[in-house]
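Participant:
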Ligand code: HEC
Ligand code: HEC
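In our numbering, the protein residues as written are 1051 to 1143.
Written as structure tokens, this is what we have:
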């Protein structure tokens, strides 16, 4: 009988890890996937061949309060633009 008990506890632990892991993945993925992607157009094409950190130095030349494409006032903390605004898939659309 104590053996059955051990098995039960093991199963509960495994379930807990799976559900917890699934939740964590969901939470980590959800915001990034719904955020607007960086367009692939004349303004942004050159950033597609750069490293992320390299490219992010240029974003605020346009996306600053004085720039031509200011961020919305309720924009979240904005260092590391490309962590949230992913590149669009180049072959696909
Ligand atoms: C030369 C000016 C310029 C630079 C530099 C620039 N952008 Fe933009 N960006 C624009 C303009 C103009 C728009 C709006 C029109 C469009 O979609 O291109 C825009 C739109 C966007 C959008 C919104 C797309 C949407 O669906 O609403 C995102 C996200 C974005 N840029 C991210 C970035 C990131 C990240 C960088 C730095 C790697 C960057 N931009 C650098 C001019 C610029
Ligand atoms: C923590 C995540 C995060 C970071 C970092 C971030 N953004 Fe955003 N950004 C968002 C969200 C969320 C929105 C509003 C909803 C949406 O666009 O889907 C937004 C909106 C925008 C928009 C307007 C899009 C539109 O359609 O109106 C632009 C342009 C933009 N961000 C550019 C940038 C730039 C440039 C940087 C770096 C300086 C940056 N973002 C960093 C999450 C982020």
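C-beta: ideal position from N, C-alpha, C; glycine also.
Bear in mind that the values here come from a model prediction, so they are computed numbers and not experimental data.
Would you say residue 1132 and residue 1102 are within 8 Å of each other, going by their C-beta atoms?
Facilitator: Taking the first residue of the chain shown as 1, we reach residue 1132 at position 82. Taking the first residue of the chain shown as 1, we reach residue 1102 at position 52. Closer than 8 Å, so yes.
Participant: Among 1138, 1099, 1128, which one has its Cα closest to the Cα of residue 1113?
Facilitator: Numbered from 1 along the chain shown, position 63 holds the residue referred to as residue 1113. Of 1138, 1099, 1128, the residue nearest in Cα terms is 1128.
Participant: So is residue 1125 buried or exposed if we call it buried at 16+ other beta carbons inside 10 Å?
Facilitator: Within the chain shown, residue 1125 is the residue found at index 75, counting from 1. Residue 1125 is exposed by the Cβ-count criterion.
Participant: Quick check: is any heavy atom of ligand 1 less than 7 Å from the C-beta of residue 1111?
Facilitator: As a first step, residue 1111 is located in the chain shown; it is residue number 61 there, counting from the start. Indeed, a heavy atom of ligand 1 lies less than 7 Å from the Cβ.
Participant: I'd like to check one pair, residue 1088 with residue 1137: are the Cβ atoms closer than 8 Å?
Facilitator: Start at 1 with the first residue of the chain shown, and residue 1137 comes out as number 87. Start at 1 with the first residue of the chain shown, and residue 1088 comes out as number 38. It is a contact, given that the beta carbons lie within the stated cut-off.
Participant: Is it true that the CB of residue 1086 sits closer than 8 Å to the CB of residue 1135?
Facilitator: Here residue 1135 refers to the residue found at position 85 of the chain shown. Here residue 1086 refers to the residue found at position 36 of the chain shown. A contact, by the Cβ cut-off of 8 Å.
Participant: In whole angstroms, give me the CA-to-CA distance for residue 1067 and residue 1108.
Facilitator: Here the question's residue 1067 lines up with position 17 in the chain shown. Here the question's residue 1108 lines up with position 58 in the chain shown. Taking the straight line from one Cα to the other gives about 41 Å.
Participant: Classify residue 1100 as helix, strand or coil using the three-state DSSP reduction.
Facilitator: Residue 1100 sits at position 50 when you count from the first residue of the chain shown. Reduced to three states, the DSSP call for residue 1100 is coil.
Participant: Run through DSSP, which three-state label would residue 1065 get?
Facilitator: Here residue 1065 refers to the residue found at position 15 when the chain shown is read from its first residue. The answer is helix: DSSP assigns residue 1065 an H, G or I state.
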